[in-house]
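**Q**
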Amino acid sequence: MSLRALQSAGTGMHAFEFELDVVANNLANAGTTGFKRERANFEDLFYEQMRLPGAPDANGNPVPLGVEVGLGTRVASTQRTFTQGNMVETAGELDVAIGGDGFFVVEDENETLYTRDGAFTRNADGELVLASADKGRRLVPGITLPPDTVEVSISPDGVVSVLQQGQEQAQQVGQLQLARFVNPQGLIHRGENLYSATDASGQALEGNPGEEGRGVLRQSYLEQSNVEPVRELVGLIKTQRNFELNTQVVQAADSMLEQIANLRRF
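Counting from 0, one number per residue, gives the positions in the sequence shown under my numbering.
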């Protein structure tokens, strides 16, 4: 019936409206440091079975095909793509990019969070922090720079050394560590370039950069978003056209219902 078509098309419109929101968020974060693009995955809904395959026909023989009709679609999941973003050189000696797998570890009060954003700075106590719009989150393990530091060096394996005023030789003050996850897709995105672990992601496997599959660090670089604007715009056009097709189904079903409603007995 036309009512079934209306309902199925309605689910399609709702699904593609959601996909439009995902594409819009990707494009909005095309310039966000360390951002990873998302995509929407869909699945079909239940099917109404009028005749099952293999049911006996009039002669008692199994029919090779059945008769069924689907009831639309829905959003199954959103999936984040953790491909490497482009590296851009900066003038900041506290800017660090990860080349490969891994996340920086930061603490937010009593919670441990993870990020690909390496735009670090120091707070009033000289501690390295990941600064956001409202607070600075300390690195784990903590690293404190002496107040008379004139130069900071961060090696690819995460060793942090400083040259202090009046000295000729750098001194090691800390070790940056990275965390890996068996299933990074299972992380929850918390905003502010931060993720938190879940049962789906598994526990964080922390260690030094360059060890056990973790990426290496690049000082004075930042990882850019892996959003490809051209790809997103093509996806935007496809989403818009698919939405329009579903609206045409609604119009066609409405037209059929109108003709039924206008039937007259002569």
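Backbone N, C-alpha and C fix where the C-beta goes; we use that ideal spot for every residue, glycine too.
As an exercise, report each continuous alpha helix (DSSP H) stretch of at least 4 residues that is fully enclosed by the stretch 43 to 104, in chain order.
**A** none
**Q** When you compare the stretch 128 to 145 with the stretch 101 to 120, are there three or more beta-carbon pairs, one atom per stretch, that lie closer than 8 Å?
**A** With a cut-off of 8 Å, the stretch 101 to 120 and the stretch 128 to 145 count as touching, because enough Cβ pairs lie within range.
**Q** Could you check if Met49 is buried or exposed, using at least 16 other CB atoms within 10 Å of its CB as the buried criterion?
**A** The residue given as residue 49 occupies position 50 in the sequence shown. It counts as exposed.
**Q** Report yes or no: do the stretch 248 to 260 and the stretch 54 to 61 share at least 3 C-beta pairs separated by less than 8 Å?
**A** No, they do not touch.
**Q** Tell me the rounded alpha-carbon separation between His13 and Lys35.
**A** Position 14 of the sequence shown, counted from the start, is the residue given in the question as residue 13. Position 36 of the sequence shown, counted from the start, is the residue given in the question as residue 35. So the two alpha carbons sit approximately 24 Å from each other.
**Q** Three Cβ pairs or more, each shorter than 8 Å: is that satisfied between the stretch 156 to 173 and the stretch 107 to 115?
**A** no
**Q** Taking Thr72 and Thr32 to be in contact with their CB atoms under 8 Å, please state how far apart those CB atoms are, rounded to whole angstroms.
**A** Along the sequence shown, one-based indexing puts residue 72 at 73. Along the sequence shown, one-based indexing puts residue 32 at 33. Their Cβ separation, rounded to whole angstroms, is 35 Å, which puts Thr72 and Thr32 out of contact at 8 Å.
**Q** Look up Leu204 in the DSSP assignment and give the residues it is bridged to.
**A** One-based indexing of the sequence shown puts residue 204 at position 205. Its beta-bridge partners are Arg179.
**Q** Buried or exposed, going by whether 16 or more other CB atoms sit within 10 Å of the CB of Asn40?
**A** Position 41 of the sequence shown holds residue 40. Exposed, because fewer than 16 other Cβ atoms sit within 10 Å of the Cβ of Asn40.
**Q** Do Gly91 and Glu222 have their C-beta atoms closer together than 8 Å?
**A** Here the question's residue 91 lines up with position 92 in the sequence shown. Here the question's residue 222 lines up with position 223 in the sequence shown. No.
**Q** Among all the DSSP beta bridges, which residues are the ones paired with Thr238?
**A** Taking the sequence shown and counting its residues from 1, the one referred to as residue 238 is at position 239. Note: Thr238 sits in no beta bridge, so no partner.
**Q** Between Leu216 and Gly157, which are expected to be in contact by the criterion C-beta below 8 Å, what is the C-beta distance as a whole number of angstroms?
**A** Mapped onto the sequence shown, residue 216 falls at position 217. Mapped onto the sequence shown, residue 157 falls at position 158. Going by Cβ atoms, the distance from Leu216 to Gly157 rounds to 6 Å, so yes, they are a contact pair.
**Q** Examine the Cβ distances between the stretch 76 to 96 and the stretch 219 to 235 and report whether three or more of them are shorter than 8 Å.
**A** Cβ pair count under 8 Å is three or more, so yes.
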